[in-house]
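Notes follow once the structure below has been shown.
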Amino acid sequence: MNRRTFIRQGTTFSLGLASAPFLANATPDLRQRKFRISLNPYAIGVQIDQEEMIDKAVVHKFEAILPVPSQLMELSPGKLDEFLARKKANQLTWDSAGLPVDFRKDKATYESGIKELPKIAIRLREAGVSRVNTWIMPSHNELPYLENLRQHSQRLGLAARILGEEGLKLGFEYVGTKNLKIINRYPFVGTLKEVQDLIADIGRPNVGVQLDSFHWYTSSESVEDLEKLSNDQIITCDLNDATAGRSIMEQIDGERQLPGASGLIDLKGFMQALVNIGYDGPVRAEPFNAKLNAMENDPAMAATSRAMWRTVNLV
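Sequential numbering from 6 applies to the sequence shown in my numbering.
Encoded structure:
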């Protein structure tokens, strides 16, 4: 299940995109950072395919692109080689792929997805992808906490084992927004500490955390909390800002802003923590923003790139 579908809202909020100048010809300074700015088009309402991402990433000065498992599976060996050569020639790296298994629904749905994962994992490895991620729903209408923990541990543990056999890591994103924590009867994992408990319960070395500045903020966590993590524990990272005029408790998962738009989240502290940790994975925007989604493809990517570079340049 795609969280964009689950939390889609109809209200439009200001993007607040006007800010510090974006240096069109700036060369990335990787001496102060090891992470890469990634184009995740579907998180900003842009509908382009895997092959189009290369050209769009170059035009809009992204450094990595999203791997799409279903589209990579469709490429013949020759086409895959051509694609990877073009990606390498443009000095692009991979983002993290979304886990193509729906583990939140009934057993039959889960089993139909997990049986396809081995061959998908092989193709991801062949393409040079090393990271996969998914998100954890912070409440459940039927399963109390411990039962839900057991189900997540079993289902995601098997997914992690399959991915690990191909050298792939799996990251879990915790969701900190109050509205999703109380939408169902029983609360579940919704903080960094809780997602680390889930990871410990699974007990596999290739499992880690997907960070998101928005959920870090809505969980009232600190820079010090981030700096307790190691690079190996972080699989991928989303950068977003919160909506002005709302308290932390009033923030809604499907109504966020591009990084730096409202200034509510301490993105300088967040980014500095990533630098201090030596995080070397992808960072991408995931604002779920109606106004951004309504833009044409190129303006949406340009706005996202400006916001991402503005945020990176804080450190």
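Cβ coordinates follow ideal geometry from the N, Cα and C atoms, glycine included.
C-alpha distance - residue i paired with residue j, whole-angstrom precision
i	j	result
E147	T241	30 Å
L250	G169	Correcting the residue identity first, residue 250 is Gly in this sequence and not Leu. Taking the straight line joining both Cα atoms gives about 43 Å.
K84	S252	49 Å
H65	P264	16 Å
A113	N294	33 Å
K273	V320	6 Å
W314	D100	17 Å
T82	E226	Before going further, note that residue 82 is Pro rather than Thr in the sequence given. Distance between the alpha carbons of P82 and E226: 45 Å.
Cutoff 7 Å; reference residue i; Cβ partners in own chain excluding five residues on either side
i	result
F67	I42, S43, L44, S310
I59	I70, R91, K92, N95, L97
K39	G283, Y284, D285
E232	A278, N281, I282
Where residue i sits in the DSSP three-state scheme
i	result
A102	strand
F108	coil
Q37	coil
E199	helix
T241	strand
T139	strand
I253	helix
H220	helix
Sequence-distant residues of its chain with Cβ nearer than 6 Å to residue i (five each side left out)
i	result
P304	none
I204	V212
G162	I207
P123	I167
L185	P143, D258
P192	S144, K186
G118	V106, D107
Whether residue i touches residue j by CB criterion (8 Å)
i	j	result
Q262	N281	no
S135	G172	yes
V214	I239	yes
A132	P46	no
A346	I188	Nothing in the structure corresponds to residue 346, since the chain is present only between 6 and 320.
R128	L89	no
D230	L197	yes
I53	N302	yes
A247	S267	yes
K174	V137	yes
M300	K61	no
Cβ neighbours of residue i in the same chain (closer than 8 Å, five flanking residues each side left out)
i	result
S224	Y179, G181, G195, T196, L197
Mind pulling the alpha helix (DSSP H) runs of 4 or more residues that sit fully within the stretch 153 to 213? With a minimum length of 4 residues, the continuous alpha helix (DSSP H) runs that stay inside the stretch 153 to 213 are 183 to 186, 197 to 207.
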